[in-house]
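There are 2 protein chains.
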Amino acid sequence: MGMREGGRVGIREVAKKAGVAISSVSRVLSDHPDVSPKMRERVYAAVKALDYEPDVLAQSMRLGKTRIVGFLIGDISNPLFSEIALGAEMALHQDRYAMLIVNSHGRFADDATQLRLLRKRRVDGFIVSLTDENQRDTIAELQGLDCPVVLLDREVPDWRCASVVSDHASGTRAAALHLIELGHTSIGLVAGSENVLPTRARAEALLAECSAHAGVEAHVAYGSYSEAHGEAATEALLAQSKPPTAIIAGSNQILVGVLRAIRRRHLRIPADLSVVTYDRSPLAQFLEPALGTIERDTRQIGHTAGELLVESLRDEKLPPRRIVLPVRFEPAESCGPKPTTSGN
Amino acid sequence: MGMREGGRVGIREVAKKAGVAISSVSRVLSDHPDVSPKMRERVYAAVKALDYEPDVLAQSMRLGKTRIVGFLIGDISNPLFSEIALGAEMALHQDRYAMLIVNSHGRFADDATQLRLLRKRRVDGFIVSLTDENQRDTIAELQGLDCPVVLLDREVPDWRCASVVSDHASGTRAAALHLIELGHTSIGLVAGSENVLPTRARAEALLAECSAHAGVEAHVAYGSYSEAHGEAATEALLAQSKPPTAIIAGSNQILVGVLRAIRRRHLRIPADLSVVTYDRSPLAQFLEPALGTIERDTRQIGHTAGELLVESLRDEKLPPRRIVLPVRFEPAESCGPKPTTSGN
Numbered sequence: 001m002g003m004r005e006g007g008r009v010g011i012r013e014v015a016k017k018a019g020v021a022i023s024s025v026s027r028v029l030s031d032h033p034d035v036s037p038k039m040r041e042r043v044y045a046a047v048k049a050l051d052y053e054p055d056v057l058a059q060s061m062r063l064g065k066t067r068i069v070g071f072l073i074g075d076i077s078n079p080l081f082s083e084i085a086l087g088a089e090m091a092l093h094q095d096r097y098a099m100l101i102v103n104s105h106g107r108f109a110d111d112a113t114q115l116r117l118l119r120k121r122r123v124d125g126f127i128v129s130l131t132d133e134n135q136r137d138t139i140a141e142l143q144g145l146d147c148p149v150v151l152l153d154r155e156v157p158d159w160r161c162a163s164v165v166s167d168h169a170s171g172t173r174a175a176a177l178h179l180i181e182l183g184h185t186s187i188g189l190v191a192g193s194e195n196v197l198p199t200r201a202r203a204e205a206l207l208a209e210c211s212a213h214a215g216v217e218a219h220v221a222y223g224s225y226s227e228a229h230g231e232a233a234t235e236a237l238l239a240q241s242k243p244p245t246a247i248i249a250g251s252n253q254i255l256v257g258v259l260r261a262i263r264r265r266h267l268r269i270p271a272d273l274s275v276v277t278y279d280r281s282p283l284a285q286f287l288e289p290a291l292g293t294i295e296r297d298t299r300q301i302g303h304t305a306g307e308l309l310v311e312s313l314r315d316e317k318l319p320p321r322r323i324v325l326p327v328r329f330e331p332a333e334s335c336g337p338k339p340t341t342s343g344n
Numbered sequence: 001m002g003m004r005e006g007g008r009v010g011i012r013e014v015a016k017k018a019g020v021a022i023s024s025v026s027r028v029l030s031d032h033p034d035v036s037p038k039m040r041e042r043v044y045a046a047v048k049a050l051d052y053e054p055d056v057l058a059q060s061m062r063l064g065k066t067r068i069v070g071f072l073i074g075d076i077s078n079p080l081f082s083e084i085a086l087g088a089e090m091a092l093h094q095d096r097y098a099m100l101i102v103n104s105h106g107r108f109a110d111d112a113t114q115l116r117l118l119r120k121r122r123v124d125g126f127i128v129s130l131t132d133e134n135q136r137d138t139i140a141e142l143q144g145l146d147c148p149v150v151l152l153d154r155e156v157p158d159w160r161c162a163s164v165v166s167d168h169a170s171g172t173r174a175a176a177l178h179l180i181e182l183g184h185t186s187i188g189l190v191a192g193s194e195n196v197l198p199t200r201a202r203a204e205a206l207l208a209e210c211s212a213h214a215g216v217e218a219h220v221a222y223g224s225y226s227e228a229h230g231e232a233a234t235e236a237l238l239a240q241s242k243p244p245t246a247i248i249a250g251s252n253q254i255l256v257g258v259l260r261a262i263r264r265r266h267l268r269i270p271a272d273l274s275v276v277t278y279d280r281s282p283l284a285q286f287l288e289p290a291l292g293t294i295e296r297d298t299r300q301i302g303h304t305a306g307e308l309l310v311e312s313l314r315d316e317k318l319p320p321r322r323i324v325l326p327v328r329f330e331p332a333e334s335c336g337p338k339p340t341t342s343g344n
């Protein structure tokens with residue numbers, strides 16, 4: 001152990017070997033833009049000759065940079081998360097950032113706690129998908145950050161930062177229009193929490209599209225992005241005196257609950273009820289009938305967030321950009337004509 | 001900025017306020033076991049009075065601990081990963097460890113690279129799910145680590161560490177026995193890579209169970225844990241002169257490919273072919289017919305790995321433990337009698 005510690009080659013030895021100042025070695029190793037190719041070459045030759053491994057922690061102290069990006073995710077068990085994280089990691093990897101993931105477990109109080117944890121660990125930047133946009137603690141924590149942040153499909157009142165959002169409205173309107181053209185006059189949306197942007201954008205789009213057509217009404221059931229809410233809300237919608245003849249499931253997780261409720265009531269899709277879902281799961285292609293799907297490219301969402309963060313990390317003076325990614329609706333056999341037997 | 005830096009309360013101020021030595025404050029804040037309750041109380045009173053926030057990076061330098069655990073995952077897009085990570089995080093959270101996740105993208109050469117990255121960031125411990133157990137670089141990197149490691153469903157030649165594995169053999173034998181009792185005499189396994197423990201354990205168990213029954217043969221198609229391999233291997237198995245009448249899909253991702261190949265050939269499950277899969281996806285419950293499933297508790301796997309690591313971090317002298325978690329087979333309608341029309 002003593003040998004190992006004592007034998008460790010430091011930045012001082014590299015500088016000596018290369019015949020340059022310690023600060024020059026530091027600049028080369030930290031990819032400082034103000035370094036000549038010749039200097040870079042000399043330092044790397046010394047690094048190689050001495051088999052020097054930079055001490056990342058000491059480097060972090062020196063530079064005030066950790067080359068770690070924090071990723072706050074509202075719920076790591078969301079099946080979309082893997083693809084988003086993979087996309088983000090691929091973009092961050094290009095600039096040699098590692099990613100520290102923390103999870104709010106779907107509890108809004110944990111958003112602030114986890115942001116604080118990442119801040120104390122001095123990450124260089126954040127990708128943030130909040131559980132709830134309106135918590136005072138969370139907003140205060142975000143406002144106190146002095147490094148780049150990219151918000152993922154969220155907007156925080158009175159606070160500007162870079163963000164990547166999906167064009168939820170257009171996908172939702174396309175689905176609603178398709179159902180209206182099939183004759184449906186009552187459409188239900190089993191939505192997630194009102195305290196995040198996607199839920200509000202989808203609900204508003206559905207309400208707008210329905211109210212643009214005389215005699216068509218929309219029913220929105222807010223709740224959580226969970227199987228349990230999907231099941232209970234579908235039960236409640238179908239128990240109404242004038243139940244919807246088409247239901248849109250607000251997420252992969254909500255879909256499982258929606259389908260459970262439909263199975264319990266022995267309803268046929270689409271003969272008795274049309275069904276549309278947000279987001280595509282790998283096994284969905286084998287469901288009978290195939291589900292009409294409002295979908296987005298999750299890999300691209302993550303990759304764009306990573307790129308946007310890298311851009312801000314390279315130049316913190318850049319004004320924050322907001323990127324809107326497309327959402328498209330793909331109809332399928334689960335969307336049929338309004339049942340003629342229905343009381344609506 | 002100057003204000004902020006200058007105004008920052010440090011460990012020195014806390015020590016002064018509490019009237020104790022700086023080293024005592026450090027011991028209290030790092031949860032050193034050798035601290036009296038009275039000392040702890042005094043220090044925390046000063047911390048509270050001064051609104052002191054420990055500088056985690058400086059603390060790391062001082063203590064040589066980062067309170068970060070590195071999680072190397074072979075492929076972050078694996079849908080089981082979210083649940084495993086969630087379980088691990090819940091266990092680590094109890095001891096205030098954060099988790100730094102890195103991903104090998106299913107490329108075996110990245111295992112060593114990513115381990116090196118985590119080591120340079122001085123994580124306190126590792127949870128490791130390798131893409132390939134037999135790479136010399138990876139093994140050298142693991143052997144060079146001087147902190148606790150928990151291997152997840154892997155074993156590395158000539159190297160001992162704590163591990164959490166699943167009892168793949170028992171689940172596989174139960175599924176094989178069920179198919180044999182239904183009259184099948186040729187069973188195919190679309191397996192993943194031979195270079196990871198689960199694949200070998202499953203293949204060996206299938207071969208053992210089949211050879212224990214006269215006239216029953218097993219066909220194992222090794223490859224990657226991917227849809228593409230699932231599809232191609234199923235095609236190849238079914239194109240044999242004596243094709244299997246039952247196929248076991250080696251993972252969620254492989255299953256998608258297996259089902260695609262079956263759909264392309266217009267085979268009916270189970271009339272033409274029986275199907276079993278490893279691991280349960282949320283939407284699988286709505287597939288017709290329901291799939292016989294060899295399953296494990298992924299949340300529990302992650303949680304156990306996290307607990308085992310915390311145990312080792314608390315006392316690095318503990319001998320490494322190997323924990324084996326149960327795997328069970330649940331039959332379903334996708335397993336039917338051997339087709340009478342088959343040439344077998």
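Keeping their order, the protein sequence lines are chains W and V.
Going by our numbering, the first sequence wraps up at 344, each residue one higher than the last.
Going by our numbering, the second sequence wraps up at 344, each residue one higher than the last.
Each residue gets a CB set at the ideal place from its N, CA and C atoms; glycine is no exception.
In this text the structure is predicted, and so the values were computed from the model without any measurement.
Identification of chain W residues near Ile127 of chain V by a Cβ-Cβ cut-off of 8 Å yields none; the smallest Cβ-Cβ distance measures about 13 Å. In terms of Cβ geometry, Ala88 of chain W and Gly302 of chain W form a close pair [threshold 9 Å]. For Thr277 of chain W, no alpha helix (DSSP H) run applies; the uninterrupted beta strand (DSSP E) run containing it begins and ends at 274-278, by DSSP. Contact between the stretch 151-159 of chain W and the stretch 194-213 of chain W is present: three or more C-beta pairs spanning the two stretches fall below 8 Å. A contact is defined here as three or more CB-CB pairs under 8 Å, and the stretch 295-311 of chain W fails this definition with respect to the stretch 236-246 of chain W. Shown here, Gly250 of chain V sits in coil according to DSSP, grouped into three states, outside any helix or strand. Counting only the Cα atoms, Leu308 of chain W lies some 20 Å from Val102 of chain W. For Arg40 of chain V, no CB of chain W lies under 9 Å from its own CB, so it is not counted at the interface with that chain. In the displayed model, Leu318 of chain V falls within coil according to three-state DSSP, outside both helix and strand. The continuous beta strand (DSSP E) containing Arg328 of chain V extends over residues 328-330. Interface annotation, Asn252 of chain W: in contact with chain V, CB-CB separation under 9 Å. The shortest CA-to-CA distance from Glu41 of chain V to any of V:Ser334, V:Ala18, V:Asp51, V:Glu53 is the one to V:Ala18. Ranking V:Pro270, V:Val256, V:Leu189 by CA distance to the CA of Arg280 of chain V puts V:Val256 first. Membership of Ser186 of chain V in any alpha helix (DSSP H) is not indicated; the residue belongs instead to the beta strand (DSSP E) covering 186-190. Taken in chain order, the complete beta strand (DSSP E) segments of 3 residues or longer contained in the stretch 78-128 of chain V are 98-103, 125-128.
For Ser226 of chain W, no Cβ of chain V is located within less than 9 Å of the residue's own Cβ. Under the 9 Å criterion on CB atoms, Gln285 of chain W is classed as interfacial with respect to chain V.
A distance of 9 Å or more separates the beta carbons of Phe108 of chain W and Gln143 of chain W.
In terms of Cβ geometry, Leu145 of chain V and Leu115 of chain V form a close pair [threshold 9 Å]. At least one C-beta of chain W is nearer than 9 Å to the C-beta of Val256 of chain V.
Out of V:Asn78, V:Val123, V:Lys338, the CA that lies nearest to the CA of Leu273 of chain V is found in V:Lys338.
Taking 7 Å as the Cβ-Cβ cut-off, the stretch 89-100 of chain V approaches chain W at Glu89, Ala98, Met99, Leu100, given in chain order. Restricting attention to W:Leu118, W:Ser82, W:Ala112, W:Glu83, the CA atom closest to the CA of Tyr97 of chain V is found in W:Leu118. Separation of Val69 of chain W and Ile139 of chain V (C-alpha to C-alpha, rounded to the nearest whole angstrom) is 28 Å. Of the other Cβ atoms in all chains shown, fewer than 16 fall within 10 Å of the Cβ of Ala21 of chain W; this residue is therefore exposed.
Residues of chain W whose Cβ lies closer than 9 Å to the Cβ of Val102 of chain V are, in chain order, Glu89, Ala98, Met99. Of all residues in the stretch 293-315 of chain V, none is placed with a Cβ closer than 8 Å to any Cβ belonging to chain W. If you draw a straight line from the Cα of Glu231 of chain W to the Cα of Leu189 of chain W, it is about 12 Å long.
Membership of Val69 of chain W in the beta strand (DSSP E) is indicated by the continuous run 68-73. Under DSSP, Ser163 of chain V takes part in a beta bridge, and its partners are V:Leu151, V:Arg322. Chain V has a Cβ within less than 9 Å of the Cβ of Pro282 of chain W. By the 16-neighbour rule on beta-carbons within 10 angstroms, Gln253 of chain W is buried. Taking C-beta separations shorter than 7 Å and ignoring five residues to either side along the sequence, the partners of Ile11 of chain W in its chain run Ile22, Val25, Ser26, following chain order. Sequence-distant partners of Ala228 of chain V (beyond 5 residues in either direction) whose C-beta falls short of 8 Å from its own C-beta, in its chain, are Gly257.
Along the stretch 104-137 of chain W, the positions whose C-beta sits under 7 Å from a C-beta of chain V are Leu117, Lys120, Arg121, Arg122, read in chain order. Look at the stretch 177-200 of chain V: it has no residue with a C-beta under 8 Å from a C-beta of chain W.
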